[in-house]
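Counting from 1 along the sequence shown, just add 33 to a position and that's the residue number in this note's numbering.
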Amino acid sequence: MKFLADLHVHSRHSRATSRDMDLPVMAIWAKLKGIKVIGTGDFTHPDWLFRIKNLLEPRENGLFVLKNPPANPFPVNLTFEKEDVYFMLSSEVSLIYSKGDRVRKIHVVLLAESLEDVERLNTVLSAKGNLQADGRPTFGMDMRELIEIIQKNAPATAIIPAHIWTPWFSLFGANSGFDSIEECCGDLAEFITALETGLSSDPPMNWRLSSLDKFTLVSNSDAHSPTNIGREANLFDTELSYKAIVDAIKTRKGFLKTIEFFPEEGKYHYDGHRNCGVRLSPREAMKLDNICPKCGKKLTIGVAHRVEELADREEGERPEGAVDYTHLFPLQEIIAKAEGKTKHSKRIMEMFLSAFEAFGGEFKILTEVPTDEIKRLLGERVAKGIENMRKGKVKVEPGYDGVYGIIDPLFEDEEKKNKQQSLF
């Protein structure tokens with residue numbers, strides 16, 4: 034069966050995460066978005082693992098469902114059956130250590146098959162750091178040691194370096210990463226299950242490194258709030274089980290495509306200085322020797338720049354066997370741009386929910402529902418925005434140094450409006 038999976042999210046026990054990131058709320062939003070399998074997040078945290086055990090029940094397929102259907106918090110017809118949304122045991126850990134005369138900071142997503150595996154891992158990891166301090170715990174060990182622990186205690190666990198290009202906490206990060214997988218993982222690189230592209234890069238950017246061809250690329254939301262669930266995801270055509278999903282990731286059989294942010298929207302796509310309001314393309318930054326023209330300090334080097342440094346292919350080359358991808362823009366944000374309001378306003382939420390009630394999950398609306406039907410329900414501007422997004426006709430202002438980029442699928446309408454106003 035075909036289904037979408039978002040396997041990297043966080044619970045309310047992680048820093049800078051919404052208190053609403055609780056299992057029943059996550060399940061509701063997964064259904065609204067069209068996500069069939071969602072990560073639990075943070076299984077290393079003792080309090081969260083206790084909640085996982087109390088609210089979820091295991092299925093024989095290595096996945097979990099809510100013991101009791103969640104209450105519907107919205108004024109729409111939202112029926113919920115147990116099997117509407119499955120959970121996969123997941124967590125993210127932070128590794129901070131010194132290697133090669135540099136401090137390395139790498140985040141890693143772990144996907145586990147059973148509570149028994151999680152408990153064995155947590156027992157070992159609790160001796161390496163404080164699991165209670167954060168939903169994404171920090172350990173002073175290197176990547177090779179983490180892989181070794183997993184292979185010894187829970188070898189079925191998937192190991193996925195997270196958002197691999199982010200400047201501060203990632204495998205290839207400009208400020209703390211490495212230049213190759215092997216440099217990071219040593220002789221255990223073969224146990225890496227996949228690589229997560231992150232919000233600021235997409236598959237074509239990663240395809241520019243031939244050394245990554247042997248690794249499957251996955252995309253997940255890294256959601257810290259319910260509305261961000263599914264902003265990136267993975268489309269599978271397999272049976273619904275932990276083993277089938279992980280095997281599909283490893284072999285790419287049954288792994289149809291990734292759902293991607295427009296990478297320019299990611300908050301580390303370009304180089305720059307947030308405090309100085311300076312945003313530069315890689316070429317512009319290189320001409321300035323990566324020095325901010327306002328304050329004279331070193332720029333925060335973004336993902337596009339870092340890819341350019343390590344690439345051995347030109348743009349546009351696609352390796353054999355690469356998984357397909359689709360760029361999408363969140364429905365709430367399209368509606369908000371069309372209505373001239375924030376995506377969190379009551380009016381936008383009402384329109385979003387009415388679309389769900391009429392057509393189903395967000396991904397179906399963004400990719401399948403005819404724009405004439407969308408126009409009848411949500412208006413011409415929303416339909417136009419979705420049509421432009423499907424064609425890739427969007428205006429972009431790339432993100433930089435922690436500032437999200439701006440994607441505008443209605444820029445043509447705005448430009449026409451501005452021209453008309455300038456006539457008077």
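Built from N, CA and C at the ideal position, the CB exists for glycine as well. Remember, predicted model here, so these are calculated numbers, not experimental data.
- Within 10 angstroms of the beta-carbon of T375 lie fewer than 16 other beta-carbons, which makes it exposed.
- Setting aside the 5 residues that flank it on each side, F248 is surrounded in the same chain by I214, I225, A227 and L228, each with a C-beta closer than 8 Å to its C-beta; the list follows chain order.
- Taking 8 Å as the cut-off, the beta carbon of P170 is found no closer than this to the beta carbon of L179.
- In this structure, D75 lies away from L128, with their beta-carbon atoms at least 8 Å apart.
- Here the region 112-123 does not lie against the region 388-406, with fewer than 3 beta-carbon pairs under 8 Å apart.
- Rounded to the nearest whole angstrom, the CA to CA distance from S203 to F295 is 20 Å.
- The residues G231, L232, S233, S234, V336, G432, Y437 and G438, in chain order, have a CB closer than 8 Å to that of G299 in the same chain once the five nearest residues on each side in sequence are set aside.
- Bounds of the beta strand (DSSP E) holding M121 are Y119 to K132.
- Taking 8 Å as the cut-off, the beta carbon of N94 is found closer than this to the beta carbon of Y275.
- Under the three-pair Cβ rule at 8 Å, the region 353-366 counts as touching the region 236-244.
- By the neighbour-count criterion, in which 16 or more other beta carbons inside 10 Å mark a residue as buried, L321 falls on the exposed side.
- Its chain contains S203 and L204 as the residues whose beta carbon lies nearer than 6 Å to that of G210, once the 5 sequence neighbours on both sides are disregarded; these appear in chain order.
- For the region 252-337, the full-length alpha helix (DSSP H) segments reaching 4 residues or more read 275-284 and 315-320 along the chain.
- In the DSSP assignment, E390 falls within the alpha helix (DSSP H) that extends over K379 to F392.
- DSSP, read as helix, strand or coil, puts K428 in strand.
- A38 places its beta carbon 8 Å or farther from that of K64.
- V151 sits in a helix when the DSSP states are folded into three classes.
- At the C-beta level, L364 and A344 stay beyond 8 Å of one another.
- The three-state reading of DSSP puts L411 in helix, counting H, G and I together.
- For the pair V141 and I182, the CB atoms are not nearer than the 8 Å cut-off.
- Here DSSP, grouped into helix, strand and coil, assigns R169 to coil.
- Between the beta-carbon of S51 and that of P259 there is about 7 Å, and that keeps the pair under the 8 Å contact cut.
- At the C-beta level, F444 and K428 come within 8 Å of one another.
- Annotated as proximal: I381 and E372, with beta-carbon spacing under 8 Å.
- Between the beta-carbon of L88 and that of L99 there is about 6 Å, and that keeps the pair under the 8 Å contact cut.
- With a 10 Å radius around the Cβ and a threshold of 16 neighbouring Cβ atoms, T284 comes out exposed.
- Counting only runs of 4+ residues, the alpha helix (DSSP H) found wholly inside the region 41-128 occupies 56-66 and 79-88, in chain order.
- Look at A416 here: in three-state DSSP terms it is helix.
- A Cβ-Cβ contact shorter than 8 Å links A189 with D150.
- For L232, no beta strand (DSSP E) segment is defined, and its DSSP state is neither H nor E.
- One thing to note: D434 has its Cβ no nearer than 8 Å to the Cβ of G329.
- For I183, the enclosing alpha helix (DSSP H) has its first and last residue at M176 to N186.
- For the options L313, K286 and P352, the alpha carbon positioned closest to that of S244 is the one of P352.
- Taking the Cα of T400 as reference, the smallest distance to any Cα among A369, I292 and E350 is reached at I292.
- In this structure, DSSP gives A369 a helical state, which the three-state scheme calls helix.
- Rounded to whole angstroms, the gap between the alpha carbons of R346 and V340 is 10 Å.
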